[in-house]
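See below for the structure under consideration.
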Amino acid sequence: MKRTIITALTSLILLPAAATAGSDGDYFVKEVVFPAGATEDMKIDMASRVVPSPEQLAWQNLELTAFLHFGVNTFTDREWGDGKENPAIFNPVLLDAGQWVKTLRDAGFKMVILTAKHHDGFCLWPTATTDHSVKASPWRGGKGDVVAELRRACDKYGMKLGLYLSPWDRNAKAYGDSPRYNDMFVNQLTELLSNYGKIDEVWFDGACGEGPNGKKQVYDWARFKKTIERLQPDAVMAIMGDDVRWVGNENGTGRLTEWSVTPKMPGILPGAEEHNKKYGLDDMASDLGSREVIARADGARWWPSEVDVSIRPGWFYHDREQPKSLRKLAEIYLNSVGRNSVLLLNTPPDRNGLIPAADSTRLMELRRWIDRSFGNDLVAKADYSTLTFTLKGDTEINCVTISEDIARGQRVERLEVEALSDGKWKRVARATTIGYKRILTFPEVKASAIRLIVESSRGKANIKNVGAYLIAMPEDADDSRPTNLYPAENFKVVSIDGKTVAVEALAKAFDNAPATFWTSPSGSKTHEVVVDMGRQVPVEGFIYTPRSDGQSDGTVFKYRFALSNDGSDWTVADRSGEFSNIVNNPIPQRIFLDRPATARYFRFTSNGEVDDRDFITIPELSIIITENAADNNR
Ligand code: FUL
């Protein structure tokens, strides 16, 4: 009865995507608009019939995609270039795209996405749209084309290719002159999507660090989308796109409850910002698709999550950084692929143009760990009608993988896993959403069978591919190079914003507890703290650790760091810059001086908060000292 009403109602309204008939009713490919007056039950039922487009389904099946951040930042040691880089610095003399792709293929990746242009505007292909490209570099005598070399390598190793083209461009003169820049951008897109074979993912970053007084560019997203559809109809449009959604962080963690069906509107659609605000659906929101959210909404779409994270702290290669431990990568795998998301793992090539040995070794270790963990499915006989699975004898397990047939929607809301152990069924795991794949781990149990109990579902749950495993997490060996810090108990605060204060004033910034933070006085866009380190210290640099509570209020964006021996002449060292990408990737910002310098006082100045607020927060501020000196200070 319910179904008949829905079919009748939906045929009366104009649906943006055709409703197609499936074995258990009508499906709505990619999106559905709820009819006016739809009840909660009707909305939930319709949401349960939203299914991925064929392109989204093919994308989800890849599970693992590699990201390559490469460009002028590789040579300047920065995360965001300012667009003023001299192309002469780009000279990756040993560049070998074959090495990248073979490494990634061996590690199990199915697609690779290259930063064809990052925010600095430097193009890795010889574009006709600007001189700021490989053409102006010494690499291959100005005749090189990184995109073309990568294309050839992808063909050789059977890898799909995706491209990242940054809308924000700090080099293009036209940026901010909206129609002119949109033309330029469409031309860049047209070159990339016409001259390099099949492109399977187009990645448009949402980042823009212009700030309130910077250039304001109004992007013509509809035109960008049409360009993709015309030139590469099979490609998905990611992040600033309506096929693939950013998970909301850059640390490798999907939500425990991850709905691919959500009323959240992609940012490229007109009115998206107001709409998402109205429904409380920001990028980081923990609930994007519960019953409560759907009940309030006016429609829902298939917009699955992609977890992008770098194997190193930064997105670009930096000499001083090391790849994450195998343990960390294994956790990332479980928390992304195992939480209904595609994992987009960045492995940045170095200045020679090669994926460094440390990273490729780590990738192979990850591959071996995945193979070892999931190579031996302990299910012997599956009965999907009762959701009961007989194991290969009485066997130890600690992990179950479950998939829904997402071609028929995402439906499971709550589920339990029970194991038959010593003749009794006992609960070993619980989950909310399943989606494409859910990996559940639990303490080891000896069992002869497992069964799934779907406690709540939006209509019929279409479960497929259940597996049981005994996995071993790698040892937690954190092999990132230690940084030597000067003990903060020696610090005496001299002044804050020019005013003398009690020495303990900044205590929360120096307490080794990043969860607590110092908040500056408000009322100014500039803030400054001066600290006496108690004696002459050989300083290599400093670390500003931003808030780790998911908030960015008070986070410093533009910094200046200076050293002095007497607290008044600040010429010993003086370095300024920006903490690029600190909002999306709030990791400790390690800034090194060009040369270590010895000084007794340091001054840390903020010349701009991330959102131009009039106060700053400092959870932790640390001084990096030279290695030998560290031994004497312990
Ligand atoms: C962010 C960018 O600002 C970073 O530099 C990086 O490209 C990351 C994948 O997306 O928004």
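Residue numbers (our numbering): 1 to 634. Just so it is clear, CB atoms sit at the ideal spot from N, CA and C, and this is done for glycine as well.
Measuring CA to CA, which of the options is closest to residue i?
i, options, result
"Pro136", "His318, Asn91 and Ala107", "A quick correction: the sequence has Ala, not Pro, at residue 136. Considering only alpha carbons, the answer is Asn91."
"Ala107", "Thr433, Glu489, Glu63 and Ala461", "Glu63"
"Gly280", "Leu345, Glu292 and Leu269", "Glu292"
"Leu621", "Thr555, Asp611 and Asp614", "Thr555"
"Arg430", "Ile471, Tyr601 and Val412", "Val412"
"Lys424", "Leu415, Arg613, Ala449 and Ile406", "Ala449"
"Thr433", "Ser403, Asn346 and Asn86", "Ser403"
"Asp532", "Gly338, Pro521, Ser522 and Pro487", "Pro487"
"Ser133", "Ile113, Ala88 and Arg152", "Ala88"
"Ile239", "Glu258, Pro304, Glu191 and Ser194", "Pro304"
"Lys102", "Gly158, Thr130 and Lys84", "Gly158"
"Ser48", "Thr545, Pro313, Arg301 and Val307", "Arg301"
"Arg312", "Pro348, Val33 and Gly498", "Pro348"
"Leu150", "Ser580, Phe67, Asn607 and Val537", "Phe67"
"Tyr175", "Lys216, Phe204 and Arg140", "Lys216"
"Gly467", "Lys492, Gly409, Lys426 and Gly338", "Gly338"
Determine the direct distance from the alpha carbon of residue j to that of residue i, and round the result to whole angstroms.
i, j, result
"Val635", "Val342", "No answer is possible for residue 635: it lies beyond the span of the chain, which begins at 1 and ends at 634."
"Glu627", "Asn484", "6 Å"
"Asp594", "Asp183", "40 Å"
"Pro263", "Leu163", "27 Å"
"Ile294", "Ser260", "12 Å"
"Arg634", "Ser456", "Unreliable positioning characterises Arg634 in this predicted model, as indicated by a pLDDT of 40, which lies under 50. The coordinate reading is nonetheless provided below. So the alpha carbons of these two residues sit roughly 57 Å apart."
"Phe442", "Gly142", "55 Å"
"Ser178", "Ala515", "41 Å"
"Leu9", "Gly435", "Below a pLDDT of 50, predicted positions are generally treated as unreliable, and Leu9, at 37, falls in that range; the measurement from the model is reported next regardless. Answer to the nearest angstrom: the Cα atoms are 27 Å apart."
"Phe517", "Val539", "23 Å"
"Phe602", "Leu563", "5 Å"
"Val417", "Val186", "50 Å"
"Met1", "Asp41", "Bear in mind that a pLDDT of 29 at Met1, under 50, signals an unreliable position, so the number given afterwards is only what the model happens to contain. Roughly 13 Å separates the two Cα atoms."
"Arg3", "Asn213", "Only weak support exists for where Arg3 lies, its pLDDT of 35 falling under 50; the value from the coordinates is given anyway. Going by the C-alpha atoms only, they are around 53 Å apart."
"Tyr181", "Trp100", "32 Å"
"Cys154", "Tyr469", "33 Å"
"Leu391", "Asp371", "19 Å"
"His69", "Ala382", "43 Å"
"His119", "Arg170", "6 Å"
"Gly241", "Leu269", "9 Å"
"Lys160", "Lys198", "8 Å"
"Thr361", "Lys324", "11 Å"
"Glu191", "Thr127", "7 Å"
"Gly25", "Gly37", "21 Å"
"Glu489", "Glu321", "27 Å"
"Ser606", "Asp476", "36 Å"
"Thr500", "Gly299", "57 Å"
On the DSSP bridge list, what partners appear for residue i?
i, result
"Val445", "Ile397"
"His527", "Ser606"
"Val537", "Ala599"
"Ser341", "Ser305"
"Cys123", "Lys117 and Ser133"
"Pro174", "This sequence places Ala at residue 174; Pro is not what is there. Ala174 is not bridged to any residue."
"Asn346", "Phe67 and Ser310"
"Phe561", "Arg575 and Phe604"
"Asp383", "Thr388"
Below 7 Å between beta carbons: does that hold for residue i and residue j?
i, j, result
"Asp234", "Glu55", "yes"
"Ala419", "Ala447", "yes"
"Gly523", "Asp614", "yes"
"Leu440", "Leu387", "no"
"Ser552", "Val583", "yes"
"Pro474", "Ala330", "yes"
"Leu104", "Val93", "no"
"Val202", "Ile228", "yes"
"Ile560", "Ser576", "According to the sequence provided, residue 560 is Arg. The question's Ile does not apply to it. Yes. Within cutoff."
"Trp315", "Asn335", "no"
"Phe51", "Val33", "For the sequence presented, residue 51 should be read as Val rather than Phe. Against a cut-off of 7 Å, the Cβ pair of Val33 and Val51 comes out as no contact."
"Arg535", "Asn565", "no"
"Phe557", "Gly608", "yes"
"Ser166", "Lys117", "yes"
Next item on the list: Please write down, chain order preserved, every residue whose beta carbon lies under 5 Å from a heavy atom of the ligand HEM.
Entry: Of the ligands this structure carries, namely the ligand FUL, none is the ligand HEM.
Check: Do three or more CB pairs link the stretch 350-359 to the stretch 271-282 at distances below 8 Å?
Finding: no
Checklist line | Cβ pair count under 8 Å reaching 3, the stretch 119-134 against the stretch 360-380 | finding: no
Notebook entry, point to check: Would you call the stretch 284-303 and the stretch 326-346 in contact, with 3 or more CB pairs under 8 Å?
Noted result: They do not touch, by the three-pair rule.
Margin query: Taking 8 Å as the cut-off, does the stretch 390-405 touch the stretch 460-469 (at least 3 CB pairs, one atom from each stretch)?
Written below: yes
Next item on the list: For the stretch 524-539 and the stretch 584-591, state whether three or more C-beta atom pairs, one from each stretch, are separated by less than 8 Å.
Entry: no
Checklist line | Validate contact between the stretch 249-256 and the stretch 203-221 using beta carbons, cut 8 Å, 3 pairs | finding: no
Notebook entry, point to check: If you pair each beta-carbon of the stretch 360-371 with each one of the stretch 382-402, do three or more pairs fall below 8 Å?
Noted result: no
Next item on the list: State whether the stretch 612-621 contacts the stretch 505-513, with contact taken as three or more CB pairs (one from each stretch) at a distance under 8 Å.
Entry: Contact holds: three or more Cβ-Cβ distances are below 8 Å.
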